[in-house]
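What follows is a set of notes on a single structure, which appears directly below.
Protein chains: 2
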Amino acid sequence: MTENPRPALGVAVKRPQRTDARRNFDALLSAAREAFAEHGTGASLEDIARRAGVGIGTLYRNFPTRQDLFDSVYLGEIDELCAAAVQVADLPPWEALEAWLQRFVEYAATKRAIREELNSDSEAFRLARDAMYAAGQPLFDRAQEAGVIRTDALFDDVLRMVSGLTGAGFVDEEQRTRVLQLALDGLRPRP
Amino acid sequence: MTENPRPALGVAVKRPQRTDARRNFDALLSAAREAFAEHGTGASLEDIARRAGVGIGTLYRNFPTRQDLFDSVYLGEIDELCAAAVQVADLPPWEALEAWLQRFVEYAATKRAIREELNSDSEAFRLARDAMYAAGQPLFDRAQEAGVIRTDALFDDVLRMVSGLTGAGFVDEEQRTRVLQLALDGLRPRP
DNA sequence: ACTATAGCGGAGGGCTGCCTCCGGTACTAG
DNA sequence: CTAGTACCGGAGGCAGCCCTCCGCTATAGT
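Chains as they are written, first to last, in this note's numbering: chain A, 94 to 284; chain B, 94 to 284.
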């Protein structure tokens, strides 16, 4: 799960060579994932090191800045999300877009830090946003050309709408799905 | 603007008697409003005191806990928002609901702290949520009875959807309005 | 087995924020 | 004007976080 060496979105921190070092590296990554999800962007680095059962020095050696750690945790996942866009490509236009967005919300809903950062203008997240656009725009265009999305809607509108929904704190998964569908129905052409 | 003594939502901190003390009290409130909007719930209290040109002791005397300050800043405003629900009551059902929600988004969009807290389960914000429900539900019901809102939508869905949109970070006010309208269109009955 | 070295970890200095406490200030009533 | 007191403000103790530095340890190649 964490040992995937894929060069996510071009921003990378190199994984150490020695086996013990790799174990620590992975433990840090997974501790950070937890902490960021729980406390958002500002999670304590010392706490992350503690969770990982590792000295604070080890954290800093692997990830010199908070941003490095943050990027390592999330960019890979965003990458996967983008990849999911091609997996839905064989569905009908509307269903494909819907499925992808649903997956996006599902993913982001539990990641407080992602939500905080999504609207920020940090370097790495500009990349992430761009990637999301590159992945989603074709789905959107296809649906629009097929006439199942009103012509006055922009993909940017949709993405931001869905980003917002992501942080809305629903009572359960079911409501989340329901509301997303409600909102997406607003995209259909009015008769 | 800040000298309104209305007992907002029942949670209150009493405003001091002496004129100089009242000046400080108001200065704190307005500094806090700024700071909370800017840095969210975790804004530094010492910074707020500084902005208000007041000693930290004065802040703590007036607002013993962060929550007290927070409540004093926001509950009054929420109260106003609820009051706005009756002001739109003479519009047609759909337009009334739309206008009220639009106003809600407009208000909350600039208040980072509100967004953070809206989904929390803090005591005071349960009150606020309840008040919002009491204010908005009638608008919603009326629209639903008038047949301009699909029957499978719940008011809770709508409120959460709109809460979410509130934190979506749009490029400009125009986009915010547009997206909200898009999302709300999803509430209309499908032909 | 042995050694060179990649990697470890936590002590420590600096910083910021929280909150209390109390000597001093300045308003207001008379 | 004066006295009583409501109110001020910041020094100071505590806590948590950031980040660096360096003596020690465990690994990997021979």
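Backbone N, C-alpha and C define an ideal beta-carbon position, used for all residues, glycine too.
{"Asked": "Where Val241(B) falls: helix, strand or coil (DSSP)", "Found": "coil"}
{"Asked": "Minimum Cβ-Cβ distance from Gly150(B) to chain A less than 8 Å", "Found": "no"}
{"Asked": "Under 7 Å (Cβ pairs) to chain B, residues found in the segment 218-232 of chain A", "Found": "none"}
{"Asked": "Cβ-Cβ separation, Gln160(B) to Ala217(B) (assumed contact under 8 Å), whole Å", "Found": "7 Å"}
{"Asked": "Endpoints, alpha helix (DSSP H) assigned at Thr182(B)", "Found": "According to the sequence provided, residue 182(B) is Ala. The question's Thr does not apply to it. Counting along the chain, Ala182(B) falls outside any alpha helix (DSSP H), and DSSP gives it neither H nor E."}
{"Asked": "Residues of the segment 103-127 of chain A whose Cβ lies closer than 8 Å to any Cβ of chain B, in chain order", "Found": "none"}
{"Asked": "Burial state of Ala142(A), where buried means 16 or more other Cβ atoms lie within 10 Å", "Found": "buried"}
{"Asked": "Reference Gly133(B); option with closest CA among Glu266(B), Arg108(B), Phe233(B), Val166(B)", "Found": "Val166(B)"}
{"Asked": "Under the three-state DSSP convention, the category Gly229(A) falls into", "Found": "helix"}
{"Asked": "Element boundaries [alpha helix (DSSP H), containing Gln274(B)]", "Found": "266-278"}
{"Asked": "Any alpha helix (DSSP H) of 4 or more consecutive residues that is wholly inside the segment 145-209 of chain B", "Found": "149-155, 159-180, 186-202"}
{"Asked": "Under 8 Å by beta carbon: chain A residues contacting Phe263(B)", "Found": "Arg253"}
{"Asked": "Opening and closing residue of the alpha helix (DSSP H) in which Phe129(A) lies", "Found": "112-132"}
{"Asked": "Pair within 8 Å by beta-carbon distance, Met225(B) and Leu252(B)", "Found": "yes"}
{"Asked": "As assigned by DSSP and simplified to three states, the class of Asp223(A)", "Found": "helix"}
{"Asked": "Arg254(B) and Ala276(A) closer than 8 Å at C-beta", "Found": "Inspection of the sequence shows that residue 254(B) is occupied by Met rather than by Arg. For Met254(B) and Ala276(A), yes; Cβs fall inside 8 Å."}
{"Asked": "CB-CB length for Ala192(B) against Val179(B), believed under 8 Å", "Found": "The pair is not a contact, with the Cβ atoms about 12 Å apart (cut-off 8 Å)."}
{"Asked": "Amino acids of chain B, ordered along the chain, whose beta-carbon sits closer than 9 Å to that of Gln268(A)", "Found": "Leu247, Asp249, Asp250, Arg253"}
{"Asked": "Contact under 8 Å by Cβ, Gln268(A) with Asp250(B)", "Found": "yes"}
{"Asked": "Test: Ala202(A) CB closer than 8 Å to a CB of chain B", "Found": "no"}
{"Asked": "Buried/exposed call for Thr259(B), threshold 16 Cβ in 10 Å", "Found": "buried"}
{"Asked": "Beta-carbon proximity list for Lys204(B), same chain, < 6 Å, skipping 5 on both sides", "Found": "Ala130"}
{"Asked": "Start-to-end residues for the alpha helix (DSSP H) that takes in Arg253(A)", "Found": "248-259"}
{"Asked": "Neighbour flag for Ser256(A) against chain B, beta carbons, 8 Å", "Found": "yes"}
{"Asked": "Any chain B beta carbon closer than 8 Å to Val241(A)", "Found": "no"}
{"Asked": "Under 8 Å by beta carbon: chain A residues contacting Arg271(B)", "Found": "Asp250"}
{"Asked": "Beta-carbon proximity check, Ala261(A) vs Gly257(B), cutoff 8 Å", "Found": "yes"}
{"Asked": "Nearest to Asp172(A) (by Cα), restricted to the options Thr112(A), Leu220(A), Pro185(A), Asp214(A)", "Found": "Leu220(A)"}
{"Asked": "Cβ of Arg283(B) within 8 Å of any chain A Cβ", "Found": "yes"}
{"Asked": "Nearest neighbour of Leu184(A), chosen from Phe233(A), Pro282(A), Arg115(A), Arg208(A) [CA to CA]", "Found": "Phe233(A)"}
{"Asked": "Listed by chain order, chain A residues near Ala206(B) by CB distance under 7 Å", "Found": "Simply none; closest approach about 13 Å."}
{"Asked": "Contact check, Ala136(A) vs Ala128(A), beta carbons under 8 Å", "Found": "yes"}
{"Asked": "Residues of its chain near Asn117(B), where Cβ-Cβ distance is below 6 Å and the 5 sequence neighbours each way are ignored", "Found": "Val147, Thr151"}
{"Asked": "Contacts of Leu275(A) in chain B (Cβ-Cβ under 7 Å)", "Found": "Ala246, Asp250, Met254, Gly279, Leu280"}
{"Asked": "Cβ of Gly146(A) within 8 Å of any chain B Cβ", "Found": "no"}
{"Asked": "Leu287(B) versus Pro157(A): straight-line alpha-carbon distance, rounded", "Found": "A question about residue 287(B) goes unanswered here, because the residues of chain B that appear run from 94 up to 284."}
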